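Undergrad: Residue numbers (our numbering), protein chains in the order written: chain U, 1 to 323; chain V, 1001 to 1323.
Below you will find the structure I want to go over with you.
2 protein chains.
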Amino acid sequence: MPHILLKAKLSLELPRINEHLRRAAEALPSAVQPLVRHIFEAGGKRLRPLLTILTARLLNYDNEDIFDLGISLEMLHAATLLHDDVIDNAPVRRGKPAAHTLFSPTAVILAGDALLAEGNVLVTRFHNAALSHCFSKAISETCAGEIAEIESQRDPLVSLDRYLSIITGKTACLISSACKMGAIVAKAPENIVEAAAQFGENIGIAFQLVDDAIDFAREEETGKPSGGDLKEGKLTLPLRYYRESLTEKDREDFDEAFRGGNIPDDQCRVIAETIRRKGFDNKTRTYANSFLEKALKALDVLPHGKEKELLHEMTEFVRDRKK
Amino acid sequence: MPHILLKAKLSLELPRINEHLRRAAEALPSAVQPLVRHIFEAGGKRLRPLLTILTARLLNYDNEDIFDLGISLEMLHAATLLHDDVIDNAPVRRGKPAAHTLFSPTAVILAGDALLAEGNVLVTRFHNAALSHCFSKAISETCAGEIAEIESQRDPLVSLDRYLSIITGKTACLISSACKMGAIVAKAPENIVEAAAQFGENIGIAFQLVDDAIDFAREEETGKPSGGDLKEGKLTLPLRYYRESLTEKDREDFDEAFRGGNIPDDQCRVIAETIRRKGFDNKTRTYANSFLEKALKALDVLPHGKEKELLHEMTEFVRDRKK
């Protein structure tokens, strides 16, 4: 049975992580609390806090305040989701109505700002300059990744390098920072901090690649409409494989429709089916595995311990994730 | 001739501050650079950088990197202006078209996020935990102040304490942090850091009170439409004095219209004229002076030096400002 250790650990840690998130929400201005509770209670895997906690413990840091460090990145993550939702005007987030459909865009923007600010405060309370620097870089790179993604929207010619740099910025950087901050707070030597960061960056890239593959899975499996990225004009890897498989004529038609952002729903469905039938989603997962291998190599550098087994299992969780 | 020292100093420092802001803008994702240049080039008094620089120099810190510290708060300030403009949907900022009327709200939200993130990075590069903590608190309190202001919008019964706490959060906290960070980077003792923070907080409160008085000045004097705060449903001090001067019946009518947010333009003009005629704007300035006195008392604690004279002049600048 896979991930049994991870599941057992999660069942122990998740309530504490959620309790800390609840308390952090209570420290925010009361006006934004309902909105922040909405986003926290909508779920989420709490991957980032868990990575910080496991990395720190593996490196012999187990103070209670590790939860504050862990949730700081979850708060930053939630802040980006809130601002994204306003920007994308997406109706659904984590299977529930997106925040801006229930609250005003003003409240959502400010709640995002407040979450980011309070996450930052949690980190600076450690009075550890390297931690603060790491967190500030995480904010800045995540933000740059999102901007780059929007810049490349509806561009069928975006290069693979550019796509990788976008997902590194918007997703992997934060996950990398989660591991790195766990190592920094544990006062690990430089090579260990770097290995933790590399581990995180590579599972982060793999996580997003798998996410991009799942985006074309059947709605019955994921509970989300299939092909959302296609509709949003994101040339993710499965879609890139699809586009490359087209004849020159079909590719020109696809490019025109992709640029126009007006691909009808039934055509989106056909494209998603083709991607699954031709296995472009699985090919994306195979590519993701190459990053997971890099993650495991980085993990080798870290000392042995039961948290290392959990981190190892986490790469399997990222690999096998179906929704 | 008043403020002659300050003006001379500004004419020396402003080009360097602006040069650093230009360079900081170039470090941002290229997509948001035009927007960020727009907000920087629209002007601004650069009060915050100047306060950081002067405070640090007075306390014998004069490294070139003081400009980076100074502009970090200007970047945070610009970020809040950008998010505010989207939220308020205000057509004009600093006498020029507001950013979101020229760029998409998406770009404005992201440019704000990027500015805040990069300002934060500039601070964490100092590898000084107290500086990072101060900056993170500045973000968080500024954000809370803005949320509180929106919560109190169109509420004619908002208390004076609440109003003061709003302007402390949204304006004075950042100005206080500007002075405090100058003292922290100079490794000043705790009582000096605290005096610098107090100086900043009190001129910050005074600055906003004067701003609120200026809001009811004639358009010919300021270049801005008179009574903008009234239209936005902000019960600022001049408006509070006006409301308190009304008969019970008139006050009920005012409250109803204020709550509804539907005060017609010609009535706004009449109210602005009444505020000027009855001197409620000047009464607000008198109240602001009480905070400037507190600022000067805090300034007394700081050591002597030519920057102290400039900081002294700055209180006069805040007091005498007409637009």
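The beta carbon of each residue, even a glycine, is placed where N, CA and C say it ideally should be.
None of these values were measured; they are calculated from a predicted model.
Using a 10 Å radius around the Cβ and a threshold of 16 neighbouring Cβ atoms, would you call U:GLY223 buried or exposed?
TA: Its Cβ having fewer than 16 others within 10 Å, U:GLY223 is exposed.
Undergrad: Counting only Cβ-Cβ distances shorter than 8 Å, please list the residues of the stretch 1113-1129 of chain V near chain U, keeping chain order.
TA: Under the 8 Å Cβ criterion, the stretch 1113-1129 of chain V contributes ASP1113, ALA1114, LEU1116, ALA1117, GLU1118, ASN1120, VAL1121, VAL1123, THR1124, ARG1125, PHE1126, HIS1127, ASN1128, ALA1129.
Undergrad: Let me know if U:LYS9 comes out buried or exposed under the rule of 16 or more other beta-carbons within 10 Å of its beta-carbon.
TA: Classification of U:LYS9: buried, given that the 10 Å Cβ count is 16 or more.
Undergrad: Compare the Cα-Cα distances from V:TYR1287 to each of V:ALA1206, V:HIS1127, V:GLY1305, V:ALA1295 and report the closest residue.
TA: Out of V:ALA1206, V:HIS1127, V:GLY1305, V:ALA1295, V:ALA1206 has the C-alpha closest to the C-alpha of V:TYR1287.
Undergrad: Give the range of the alpha helix (DSSP H) segment to which V:ASP1281 is assigned.
TA: Unbroken alpha helix (DSSP H) run through V:ASP1281: 1280-1301.
Undergrad: Tell me which residues share the same chain as U:LEU131 and place their Cβ nearer than 7 Å to its Cβ, disregarding the 5 neighbours each side in the sequence.
TA: Same-chain partners within the cutoff: VAL123, MET181, ILE184, VAL185.
Undergrad: Below 8 Å, can you find three or more Cβ-Cβ pairs linking the stretch 293-307 of chain U to the stretch 262-282 of chain U?
TA: These segments do not touch.
Undergrad: Taking only the alpha-carbon atoms, compute the straight-line gap between U:ILE203 and U:HIS133 and give it to the nearest angstrom.
TA: If you take the alpha carbons of U:ILE203 and U:HIS133, they lie about 22 Å apart.
Undergrad: Kindly list the residues whose CB is nearer than 8 Å to the CB of U:LEU73, restricted to its own chain and excluding five residues on each side of it in sequence; keep chain order.
TA: ARG48, PRO49, THR52, GLY119, PHE135, ALA138, LEU174, SER177, ALA178, MET181, listed in sequence order.
Undergrad: So, helix, strand or coil for U:GLY227, using DSSP?
TA: Coil, per DSSP.
Undergrad: Helix or strand or just coil, what does DSSP make of U:HIS133?
TA: DSSP places U:HIS133 in helix when its eight states are reduced to three.
Undergrad: Would you say U:HIS20 reaches chain V, if we count a Cβ-Cβ gap shorter than 8 Å as a contact?
TA: Answer no: the Cβ-Cβ gap between U:HIS20 and chain V never drops below 8 Å.
Undergrad: Is it right to say V:THR1080 is buried, meaning 16 or more other beta carbons lie within 10 angstroms of its own, or is it exposed?
TA: With 16 or more Cβ atoms within 10 Å of its Cβ, V:THR1080 is classed as buried.
Undergrad: Below 8 Å on the Cβ atoms is my guess for V:VAL1032 versus V:LEU1116; work out the distance and round it to an integer in Å.
TA: Incorrect: roughly 12 Å between the Cβ atoms, too far for contact.
Undergrad: Can you list, in chain order, the residues of its chain with a C-beta nearer than 7 Å to that of U:LEU102? Leave out the 5 residues immediately preceding and following it.
TA: If we look at U:LEU102 and ignore the five residues flanking it on each side, its Cβ neighbours are HIS38.
Undergrad: Please list, in chain order, the chain V residues whose beta carbon lies closer than 7 Å to that of U:PRO29.
TA: Here the neighbours are ALA1144, ILE1147, ALA1148.
Undergrad: Measure the beta-carbon distance from U:SER165 to U:ALA148 and round it to whole angstroms, keeping in mind my assumption that it falls under 8 Å.
TA: Contact holds; Cβ gap of about 7 Å.
Undergrad: Less than 7 Å between C-beta atoms, sequence neighbours within five positions excluded: which residues of the same chain meet that for V:GLU1013?
TA: LEU1050, ILE1053.
Undergrad: Does the separation of the CB atoms of V:PHE1258 and V:PRO1156 fall below 8 Å?
TA: Yes; because the gap between Cβ atoms is below 8 Å, this pair is in contact.
Undergrad: Quick one: which chain U residues come within Cβ less than 8 Å of V:SER1136?
TA: Result: ALA117, ASN120, VAL121, VAL123, THR124, SER132.
Undergrad: Please name the residue, chosen from U:PHE67, U:ARG154, U:THR142, that lies closest to U:ARG240 on a Cα-to-Cα basis.
TA: Measuring from the Cα of U:ARG240, the nearest candidate turns out to be U:ARG154.
Undergrad: Using 10 angstroms around the beta-carbon of U:HIS83, count the other beta-carbons present and answer buried if the total reaches 16, otherwise exposed.
TA: So U:HIS83 counts as buried.
Undergrad: If you reduce the DSSP assignment to three classes, tell me which class V:ALA1158 lands in.
TA: According to the sequence as given, residue 1158 of chain V is Val; it is not Ala. Coil.
Undergrad: On the three-state DSSP scale, how would you describe U:ASP212?
TA: U:ASP212: helix per DSSP, three-state reduction.
Undergrad: Identify the continuous alpha helix (DSSP H) that holds U:ARG37 and give its terminal residues.
TA: Its alpha helix (DSSP H) spans residues 33-41.
Undergrad: Over the uninterrupted alpha helix (DSSP H) stretch that includes V:SER1312, give me the two end residues.
TA: Per the sequence presented here, residue 1312 of chain V reads as His, with Ser not at that position. Unbroken alpha helix (DSSP H) run through V:HIS1312: 1306-1320.
Undergrad: Any C-beta of chain U sitting closer than 8 Å to the C-beta of V:THR1052?
TA: So no, V:THR1052 is outside the interface.
Undergrad: Apply the 10 Å Cβ neighbour rule to U:VAL301 and answer buried if 16 or more other Cβ atoms are within range, or exposed otherwise.
TA: Classification for U:VAL301: exposed.
Undergrad: To the nearest angstrom, how far is the alpha carbon of V:MET1001 from that of U:ASN128?
TA: Its pLDDT being 40, under 50, V:MET1001 is placed unreliably in this model, and the value from its coordinates should be taken loosely. If you take the alpha carbons of V:MET1001 and U:ASN128, they lie about 48 Å apart.
Undergrad: Is there a Cβ of chain V sitting closer than 8 Å to that of U:THR106, yes or no?
TA: Yes - at least one Cβ of chain V is within 8 Å of the one on U:THR106.
Undergrad: Is V:GLY1279 buried or exposed, if buried means 16 or more other CB atoms sit within 10 Å of its CB?
TA: Flag for V:GLY1279 reads exposed.
Undergrad: Is it the case that the Cβ atoms of V:GLY1228 and V:ASP1215 are separated by a distance below 8 Å?
TA: Cβ distance < 8 Å, so V:GLY1228 and V:ASP1215 count as in contact.
Undergrad: What's the C-alpha gap between V:SER1245 and U:ILE17?
TA: Going by the C-alpha atoms only, they are around 53 Å apart.
Undergrad: How about U:LEU102: is its C-beta nearer than 8 Å to some C-beta of chain V?
TA: By this cut-off, U:LEU102 is not an interface position.
Undergrad: How would you call V:PRO1029, buried or exposed, if buried means at least 16 neighbouring beta carbons within 10 angstroms?
TA: It is buried - the Cβ of V:PRO1029 has at least 16 other Cβ atoms within 10 Å.
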